[in-house]
Amino acid sequence: MRRKDREVTDREAIRAILDKAKVLHLAMIDNGRPYVVPLHYGYTLDDDRLTLYLHSAKEGRKLDVLRKNDRVAFVLETDVSLISGGELACKYGSAYASVMGEGKAVFLTDPAEKAAGLRILMCAQTGRDFIITEVMTESVTVLRVDVETYTAKSRPLTH
């Protein structure tokens, strides 16, 4: 990471970024070309191990791509706002907090694991616990991203 002064290493600060952001951008490679989609997500952060949960329709380009190549990258951001540079264009910047990383996408097939992943996702998105039955999981695809490496950064807005 080039800007070590913006690196976030405190687990609770990373958790706060993950809680506040609601959409991540999942990057894949489709026949040698980049392909990125925005998705809602849920997560677990145990010690320093980050696991992401995503859901999808049962078919589509994203799933076709992931079946061929399960390697993914992701970025999510929150607290984005302009930092004015006044009359000097090159002095403008942005406040933000972000988490980005790489890992492997896994298609969940076990109904109980799919339900657990959907509960995690719904709690992250709504702050509420939902009952997700195994029957409910039949209509969607649930993906788990086993994150291998990630970093977090923050540049808060100062007044």
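The sequence shown begins at 10 in our numbering and counts up by one. Backbone N, C-alpha and C fix where the C-beta goes; we use that ideal spot for every residue, glycine too. Just so we're clear, the structure is a prediction, and the values are computed from it rather than from any experiment.
- request: Tell me residue 37's beta-bridge partners as DSSP assigns them.
  value: 44.
message: Looking only at its chain, what residues have a beta carbon closer than 7 Å to the beta carbon of residue 158, apart from the 5 residues adjacent to it on each side?
response: If you ignore the 5 residues before and after residue 158, its C-beta comes within less than 7 Å of the C-beta of 110, 111, all in its own chain and listed in chain order.
field: Proximity winner among 71, 24, 59, relative to residue 45 (alpha-carbon distances)
entry: The residue with the shortest Cα to Cα distance from residue 45 is 71.
message: Are the CB atoms of residue 142 and residue 125 within a distance shorter than 8 Å?
response: Cβ distance not < 8 Å, so residue 125 and residue 142 don't count as in contact.
- prompt: Quick check: the segment 149 to 156 against the segment 59 to 77, are there 3 or more CB pairs under 8 Å?
  reply: Cβ pair count under 8 Å is three or more, so yes.
task: Less than 8 Å between the CB atoms is what I'm expecting for residue 49 and residue 31, so what's the real figure, rounded?
output: Contact check for residue 49 and residue 31: beta-carbon distance about 6 Å, within the 8 Å limit, so the pair qualifies.
- prompt: Quick one: what's got a C-beta closer than 6 Å to residue 136's C-beta in the same chain, skipping five residues either side?
  reply: Correct list: empty, nothing qualifies.
query: Out of curiosity, what's the CA-to-CA distance linking residue 86 and residue 119?
result: Their backbone Cα atoms lie some 31 Å apart in a straight line.
- request: Determine the burial state of residue 107: buried for a count of at least 16 other Cβ atoms within 10 Å of its Cβ, exposed for fewer.
  value: Sixteen is the threshold: when 16 or more other Cβ atoms of the shown chains lie within 10 Å of the Cβ of residue 107, as they do, the residue is buried.
- prompt: With C-beta atoms as the reference, is residue 105 less than 8 Å away from residue 24?
  reply: Cβ distance not < 8 Å, so residue 105 and residue 24 don't count as in contact.
- request: Compute the Euclidean distance between the alpha carbons of residue 91 and residue 21, then round it to the nearest angstrom.
  value: A direct Cα-to-Cα measurement between residue 91 and residue 21 gives close to 25 Å.
message: Residues in the same chain with beta-carbon distance under 6 Å from residue 34, minus the five sequence neighbours each way, listed in chain order, please.
response: Short of 6 Å from the beta carbon of residue 34, and not among the five residues preceding or following it, lie these beta carbons of its own chain, in chain order: 45, 47, 84.
- request: Take the Cβ of residue 26 as the centre, count every other Cβ of all protein chains shown within 10 Å, and call the residue buried at 16 or more, exposed below.
  value: With 16 or more neighbouring CB atoms inside 10 Å of its own CB, residue 26 falls in the buried class.
query: How many Å lie between residue 15 and residue 127 at the Cα?
result: So the alpha carbons of these two residues sit roughly 32 Å apart.
- prompt: Alpha carbon to alpha carbon, what distance is there between residue 53 and residue 155?
  reply: Between the C-alpha atoms of residue 155 and residue 53 there is a straight-line separation of about 10 Å.
C-alpha gap between residue 73 and residue 39, whole angstroms: Spanning the two alpha carbons is a distance of roughly 9 Å.
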